[in-house]
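Trainee: Handing you a structure now.
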Amino acid sequence: MGACMALCSLASCASCLCGSAPCILCGCCPSSNNSTVTRLIFSFFLLLGTLVSIIMILPGMETQLRKIPGFCQGGSTIPGLENQFNCDVIVGYKSVYRMCFAMACFFFFFAAIMIRVRNSKDPRAAIQNGFWFFKFLILVGITVGAFFIPDGTFHNVWFYFGIVGSFMFILIQLILLIDFAHSWNEVWVRNAEEGNSKGWYFGLLFFTILHYALAFAAVVLFYLYYTKPDGCTEHKVFISLNLIFCIIVSVVSILPKVQDASPQSGLLQSSLISLYTMYVTWSAMTNNPNRECNPSLLSLVSNVSISTTQPTPTSAPGIVQWWDAQGIVGLVIFLFCTFYASIRSSSNAQVNRLMQTEEGRGSDVEGPVGEDGLRRVVDNEEDGVTYSYSFFHFHLFLASLYIMMTLTNWYKPDTTTQAMQSSMPAVWVKICSSWLGLALYLWTLLAPVLLPNRDFS
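Count the sequence shown with mature numbering (1 follows the signal peptide of the UniProt record, and there is no 0) and you get residues -16 to -1, 1 to 441, in order.
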């Protein structure tokens, strides 16, 4: 779908910017549904903001901006532009906070105005599925305004918004991964049964073993590099508890009663959730301000220990290095979950209730052909929306906060030194989200057994 959007000609799409989502894609993807296209375009807005944030946080950006005469405060003058831009605000962590603040406001606004939209006949549905040029202008306007927010307590306050929002987004990521694992297992088992081929079963076995092997290897590395014989007690507790919890959910997933109530459950899902839990555990430990318990990636590779007196990479004002290993993995998982949330059409009733979506109603009818000879996509929401417009935007609102925290390594702004520091609140937020996520997954396994009269298909 993303490739289809990229291949659309600029000329043909420019004439449709004020129209509906199907018109934006013109004739490039004739088999698309209106609901899917709209979600992809909103997700593209989020990814575009993420890309801008990454560019702003790249090292050397401030130096390059200061080379522009009169652009930064204190530079030479250009009529109308003298001292207009504070370059330590439009680069570094301050720019990430402001860019993500703008995206969060944009998506929260749409989440508020799209509450209780029932079908595409609602006048607000036209706003949801069209007027893209004006939406882009609104986003740009909010972004420009965000860069004029005085420093003050803005970064500290928005940091705590980011902590809470990211906590909720991690849980949504886990729900999407559970849904993906269930769909993956269901499709491959069906292919094996219909095609009478054992290759699909071998594939399921291979990936299940791979996930568990990676999770177990992660546990071993955590004990080696993130704990000390006479210290790092918190890390020992985190690793041990999450290892025990992952074993518990894996055992529960294959219990006979659970299998009878939920035949689609199995070790593939548990292995994927276990691997994700270990990632969250690793991500939490990398935010520990105790440098003895939180070695840098460089020290892990070169076996060079980092002393407690050595300056951290973030000691310079406004400089944040997000491209460490856990930050990159976090971005990859974020991109996957964002794309999956845009195209998902789950048949799992329980996940649909959690994600405020309806069982996929994909249309087999080809879209109508316009006067220009290009085929339009299908409006598949005349009888009812296939997803909650409001919840989808709320999900992107949380994603904006998660991106902000990821790109700044979950570091807390220090208003006195104008630097970024590791903080224990970020550690506890991530660990608690991993525990709550495991509890949620355990509930999806036990709910059909404990409540046999309810439909959890």
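Built from N, CA and C at the ideal position, the CB exists for glycine as well.
Would you grab the beta carbon distance between isoleucine 25 and tryptophan 116 for me? Rounded to a whole angstrom, and I think it's under 8 angstroms.
Mentor: 7 angstroms
Trainee: Keeping to the same chain, check which residues put their C-beta closer than 6 angstroms to that of tyrosine 196; ignore five residues upstream and five downstream.
Mentor: Only Ser255 meet the Cβ criterion.
Trainee: Determine, using beta carbons only, whether valine 203 and leucine 225 come nearer to each other than 8 angstroms.
Mentor: No, the pair does not count as a contact, with Cβ atoms beyond the cut-off.
Trainee: For the candidate residues Asn278, Ala95, Ser372, whose alpha-carbon lies nearest to that of glutamate 218?
Mentor: Asn278
Trainee: Given a threshold of 16 other Cβ atoms within 10 Å of its Cβ, counted over all protein chains shown, does glycine 136 qualify as buried or as exposed?
Mentor: With fewer than 16 other CB atoms across the displayed protein chains lying within 10 angstroms of its CB, glycine 136 is exposed.
Trainee: Is the beta carbon of isoleucine 231 closer than 8 angstroms to that of threonine 428?
Mentor: no
Trainee: Might you give, ordered along the chain, the residues of its own chain that have their beta carbon closer than 7 angstroms to the beta carbon of valine 285, omitting 5 neighbours on each side?
Mentor: Confidence at valine 285 is low in this model, with a pLDDT of 49, below 50, so its placement is unreliable and no value can be given for it.
Trainee: What did DSSP end up calling proline 436 once you bin it into helix, strand or coil?
Mentor: coil
Trainee: Can you tell which of Val36, Val124, Arg23, Ala88 has its C-alpha closest to the C-alpha of tryptophan 142?
Mentor: Comparing alpha carbon positions, the residue from Val36, Val124, Arg23, Ala88 closest to tryptophan 142 is Ala88.
Trainee: Three-state secondary structure (DSSP) at tyrosine 371?
Mentor: strand
Trainee: Take glutamine 248 as the anchor and find which of Ile38, Gly183, Leu188, Ser374 has the nearest alpha-carbon.
Mentor: Leu188
Trainee: In whole angstroms, what is the alpha-carbon distance linking proline 43 and leucine 435?
Mentor: Those two C-alpha atoms are separated by around 55 angstroms.
Trainee: Is glycine 146 helix, strand or coil by DSSP?
Mentor: helix
Trainee: For a quick check, are the C-beta atoms of serine 37 and leucine 391 less than 8 angstroms apart?
Mentor: yes
Trainee: Apply the 10 Å Cβ neighbour rule to threonine 20 and answer buried if 16 or more other Cβ atoms are within range, or exposed otherwise.
Mentor: buried
Trainee: To the nearest whole angstrom, what separates the beta carbons of leucine 420 and leucine 121, a pair I think is in contact under 8 angstroms?
Mentor: That pair is no contact at about 39 angstroms.
Trainee: For the alpha helix (DSSP H) that glycine 187 lies in, which residues bound it at each end?
Mentor: 183 to 209
Trainee: Can you check whether the CB of serine 79 is closer than 8 angstroms to the CB of isoleucine 41?
Mentor: yes
Trainee: Between tyrosine 324 and leucine 160, what straight-line distance do the alpha-carbon atoms span, to the nearest angstrom?
Mentor: 8 angstroms
Trainee: Quick one: using the 10 Å Cβ neighbour count with 16 as the cut-off for buried, is asparagine 140 buried or exposed?
Mentor: exposed
Trainee: Using the three-state DSSP reduction, which class does asparagine 175 fall into: helix, strand or coil?
Mentor: helix
Trainee: For serine 407 versus asparagine 271, is the C-beta spacing smaller than 8 angstroms?
Mentor: Yes, these two residues count as a Cβ contact at 8 angstroms.
Trainee: With the cut-off set at 8 angstroms, would you say proline 385 and serine 150 are in Cβ contact?
Mentor: It is worth fixing the name first, because residue 385 is leucine in this sequence and not proline. Their beta carbons are under 8 angstroms apart, which means leucine 385 touches serine 150 by this criterion.
Trainee: Would you be able to state if there are at least three C-beta pairs under 8 angstroms between the segment 128 to 135 and the segment 96 to 113?
Mentor: With the cut-off at 8 angstroms, the segment 96 to 113 and the segment 128 to 135 do not touch.
Trainee: Pull the bridge partners of glycine 215 from the DSSP assignment, please.
Mentor: Secondary-structure assignment with DSSP links glycine 215 through a beta bridge to Lys212.
Trainee: Identify whether asparagine 113 lies in helix, strand or coil by the three-state DSSP scheme.
Mentor: helix
Trainee: Pick out whichever of Gly76, Cys216, Val236, Val101 has its Cα sitting closest to the Cα of proline 432.
Mentor: When each option's Cα is compared against that of proline 432, the closest is Val236.
Trainee: State the DSSP-derived secondary structure class of arginine 82, mapped to helix, strand or coil.
Mentor: helix
Trainee: How many whole angstroms separate the CB atoms of leucine 123 and alanine 86, which I take to be in contact at a CB cut-off of 8 angstroms?
Mentor: Contact annotation, leucine 123 with alanine 86: C-beta distance approximately 7 angstroms; criterion of less than 8 angstroms satisfied.
Trainee: With 16 as the cutoff for other CB atoms within 10 Å, does threonine 47 come out buried or exposed?
Mentor: Threonine 47 should be labelled exposed.
Trainee: Is it buried or exposed for proline 63, if we count other Cβ within 10 angstroms and need 16 for buried?
Mentor: Caution is warranted here: a pLDDT of 43 is assigned to proline 63, below 50, making its placement in the model unreliable, and the coordinate value is therefore given only provisionally. Exposed, by the Cβ-count rule.
Trainee: Inspect the beta-carbon positions of threonine 261 and serine 372 and report whether they are closer than 8 angstroms.
Mentor: no
Trainee: For tyrosine 144, count neighbouring Cβ atoms within 10 angstroms of its own Cβ and tell me buried if that reaches 16, exposed if not.
Mentor: Here tyrosine 144 is exposed. Its C-beta has fewer than 16 other C-beta atoms within 10 Å.
Trainee: What's the C-alpha gap between glutamine 112 and isoleucine 312?
Mentor: 32 angstroms
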